[in-house]
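Asks: Counted the way my numbering counts, the sequence shown spans residues 2 to 97.
For each residue, glycine too, the CB sits at the ideal point set by N, CA and C.
The structure displayed is predicted, hence computed values, not measured ones.
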Amino acid sequence: MKFGTKAVHAGVEPDPSTGAIMTPIYQTSTYVQESPAVHKGYAYARGANPTRNALQKSIAALENGRFAICFSSGMGATDAVIKLLNPGDEVITSND
């Protein structure tokens, strides 16, 4: 599949409840739970939401990767990368 086709179609799946072809932007922060910690895939938007999942699938496809992770801020991304380091690892970074 060419890049342009991937850019348009990657990560896009029709919504089973509405039939929408393009992923809607979900603006809710909380989701219905049958009981505490029993949900239908989403509990709170900071952890996961359908819009971000579609974006991650699309980016992974565009980069020919298996997975992608999107963060709501640069500090969130930085924190995740730093947590992958072990004591004694070195980091080379800019100072600006």
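If you drop the 5 nearest sequence neighbours on each side, which residues of the same chain put their C-beta closer than 8 Å to that of T102?
Replies: The chain is shown from 2 up to 97; residue 102 falls before or after that span and cannot be answered.
Asks: With respect to the beta strand (DSSP E) encompassing S95, which residues constitute its N-terminal and C-terminal limits?
Replies: First-last for S95: undefined, no H or E at that position.
Asks: Who pairs with H40 in a beta bridge, going by DSSP?
Replies: Q34
Asks: When you measure from the CB of N87 to every non-hydrogen atom of the ligand ZN, does any distance come out below 7 Å?
Replies: Absence of the ligand ZN from the depicted structure is noted, as is the absence of any ligand whatsoever, leaving it without description.
Asks: Roughly how many angstroms separate the alpha carbons of S18 and A62, rounded to a whole number?
Replies: Cα-Cα distance, rounded: 25 Å.
Asks: Can you tell me whether A8 is buried or exposed? The criterion is at least 16 other CB atoms within 10 Å of its CB, across all chains shown.
Replies: Exposed, since its Cβ has fewer than 16 Cβ neighbours within 10 Å.
Asks: What residue from P15, A44, T94 and G75 has the CA that sits closest to S30's CA?
Replies: A44
Asks: Considering Cα atoms alone, identify which of N65, G66 and D80 is closest to F72.
Replies: Closest by alpha carbon: D80.
Asks: Go to G5, then tell me how far its alpha helix (DSSP H) extends in each direction, as first and last residue.
Replies: F4 to H10
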